[in-house]
Amino acid sequence: MQQDSDKFLGRGWAFPPTFHRSDFGTSGADMVDAREDIEQSLQILLSTSLGERIMRPDYGCNLTDFQFEPMNASVVGYIRDMVSTAMIYNEPRIRVERVEVNQPIGQPALDGKLLIEVDYTIRTTNSRFNFVYDFYITEGINS
């Protein structure tokens, strides 16, 4: 049973891709397994715009469309639904339990940062985890 679970959870390249060389002269890409692979997959999914991948135009989540939008309840609700839908259709290894979109505590809205918090369950192990994605609404050179 554990072997079937491992096959379903998968093994993939680490993100960002890094490479190593061993003492034995072999080299290769660094790999990640199970939960770490899922969370890196979610990171990639949320940072990819729809249409960005030529062979998978429906893969991604258009968070950058909201970079200059005022953050009101309607926009936050739309972002929450968009993130949830992207995960449901593109990450079959998990069951999305809850998606929350919040501003960091103690920071004004003008700081341009949203926290996207996702509670999910890994289907094969029935283990619950949470994932937090930091979305910067302003330019990419925030400090």
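When you line the sequence shown up against the UniProt record's numbering, it's residues 1 to 143, in that order.
Built from N, CA and C at the ideal position, the CB exists for glycine as well.
Chain-order list of residues whose beta-carbon lies under 8 Å from that of residue i (same chain, five-residue window excluded)
{"i": "F19", "result": "S27, G28, A29, D30"}
{"i": "V75", "result": "F66, E69"}
{"i": "N62", "result": "S49, L50, M82"}
{"i": "L91", "result": "In the sequence on display, residue 91 carries Glu and not Leu. So the qualifying residues of the chain are I38, S41, L42, L45."}
Other residues of its chain near residue i: CB distance less than 6 Å, five sequence neighbours each side excluded
{"i": "R128", "result": "T121"}
{"i": "S84", "result": "V96, V99"}
{"i": "E117", "result": "E100, V132"}
{"i": "P57", "result": "G51"}
{"i": "N130", "result": "D119"}
Coarse secondary structure for residue i, derived from DSSP in three states
{"i": "Y120", "result": "strand"}
{"i": "F66", "result": "helix"}
{"i": "M1", "result": "In this prediction, M1 has a pLDDT of 47, which is less than 50 and means its spatial position is unreliable; what the coordinates show is noted afterwards. Note: M1 maps to coil in three-state DSSP."}
{"i": "Y89", "result": "helix"}
{"i": "D81", "result": "helix"}
{"i": "D37", "result": "helix"}
Cross-strand partners of residue i (DSSP beta bridge)
{"i": "S74", "result": "None, per the DSSP bridge assignment."}
{"i": "R53", "result": "In the DSSP output, where bridge partners are listed per residue, R53 has none listed."}
{"i": "L115", "result": "N102, D134"}
Continuous beta strand (DSSP E) stretch holding residue i: start and end
{"i": "E100", "result": "94-102"}
{"i": "S127", "result": "127-136"}
{"i": "F19", "result": "19-21"}
CB contact check: residue i to chain B, cutoff 7 Å
{"i": "V75", "result": "In the structure shown, chain B cannot be found, because there is only a single protein chain."}
Cutoff 7 Å; reference residue i; Cβ partners in own chain excluding five residues on either side
{"i": "F15", "result": "Q40, Q43, I44"}
{"i": "P17", "result": "A29"}
{"i": "T64", "result": "S49"}
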